[in-house]
Amino acid sequence: MTDYRALLPLFTCLGLLGACAAAPEQVAEPGLKRVWMVSEWPGFTRETLTAAQARLDLSALPHGGAYMGCNRLMFQVADVHPLRASGSLNIGPVAATRMHCPGRMDLEQAFSQHFRRFQHYRLSGHRLTLEDAEGNTIRLIAEDWD
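For the sequence shown, the residue numbers in the numbering used here are 6 to 151.
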């Protein structure tokens with residue numbers, strides 16, 4: 006007959022080692038902190054936005070950036086709570102690199118002139134909506150949503 010008492014220390018050690026295993030890391034939803042593709046902008050077609058590869062980069066908040074087909078655009082965002090589903094944004098002045106791209110400047114100029122007006126946001130899954138005081142909206146889709 007086998008003496009199971011001799012195996013007791015082995016099973017005790019294995020049980021303790023198993024209890025020390027790390028729990029799987031929980032990955033938090035990125036909220037606002039991601040790169041967003043612009044899908045709707047007042048006065049521009051979806052085709053224009055797609056051709057320009059219009060992007061809004063909020064992955065390094067409070068530093069923000071954008072690309073509207075020509076120059077790199079930079080701005081600061083204050084008083085934002087990036088994990089909330091909705092809230093307000095306080096967007097600072099927009100700075101840009103100085104390249105001239107004939108035929109592709111309209112969207113960039115609209116962004117530079119009007120982006121600061123969009124001070125409210127709503128997150129819904131992989132969609133972001135920015136809204137100004139007059140009810141104008143910018144709709145965006147997370148670049149990494151699929």
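Where is the CB? At the ideal position from N, CA and C, for every residue including glycine.
Which term fits residue i, buried or exposed, when burial requires 16 or more other beta carbons within 10 angstroms of its beta carbon?
i, result
"R103", "exposed"
"L37", "buried"
"R77", "exposed"
"E113", "buried"
"G108", "exposed"
"R51", "exposed"
"Q31", "Legend: pLDDT at Q31 = 47, less than 50; position of this residue unreliable, no value from coordinates given."
"A57", "buried"
"R39", "buried"
Using C-beta distances below 7 Å, list every residue in its chain close to residue i, excluding the 5 sequence neighbours before and after it, in chain order.
i, result
"H131", "I146, A147 and W150"
"H86", "G92"
Provide the residue span of the beta strand (DSSP E) that contains residue i, from first to last.
i, result
"E136", "R132 to E136"
"H68", "H68 to Y72"
"A45", "Looking at the sequence itself, residue 45 is Glu, so the reference to Ala does not match. Residues V40 to E45."
"R60", "R60 to A65"
Sorted by chain position, which residues of the same chain lie with C-beta nearer than 6 Å to residue i's C-beta, five sequence neighbours on each side aside?
i, result
"H125", "S93 and E136"
"L88", "G36"
"N95", "A83 and D84"
"M73", "A57, A59, L112, E113 and F116"
"C106", "C75"
"P47", "N141"
Taking residue i as the reference, give the member of the options with the closest Cα.
i, options, result
"R144", "D84, V43 and D111", "V43"
"L63", "M79, E45 and S129", "M79"
"A100", "A71, R10, W46 and T134", "A71"
"C75", "D111, A65, A83 and P98", "D111"
"L66", "H105, Q81, F123 and S129", "Q81"
"E139", "R122, P98, T53 and L54", "R122"
"S91", "R127, G97 and E45", "R127"
"H68", "G97, Q118 and T17", "G97"
What residue does the alpha helix (DSSP H) around residue i start on, and which one ends it?
i, result
"T53", "R51 to A57"
With DSSP as the reference, please indicate the residues paired to residue i in a beta bridge.
i, result
"S117", "For S117, which the question treats as bridged, DSSP gives no partner whatsoever."
"M79", "G70 and A100"
"N95", "A83"
"A147", "W41"
"L128", "L133"
"T5", "With the chain represented from 6 up to 151, any question about residue 5 goes unanswered, as that position is not in the structure."
Leaving out five residues before and five after residue i in sequence, what residues of the same chain have Cβ atoms less than 8 Å from its Cβ?
i, result
"W41", "R60, L61, D62, L63, L133, L145, I146, A147 and E148"
Could you tell me whether the Cβ of residue i comes closer than 7 Å to any Cβ of chain D?
i, result
"G70", "The structure shown has no chain D; it contains just one protein chain."
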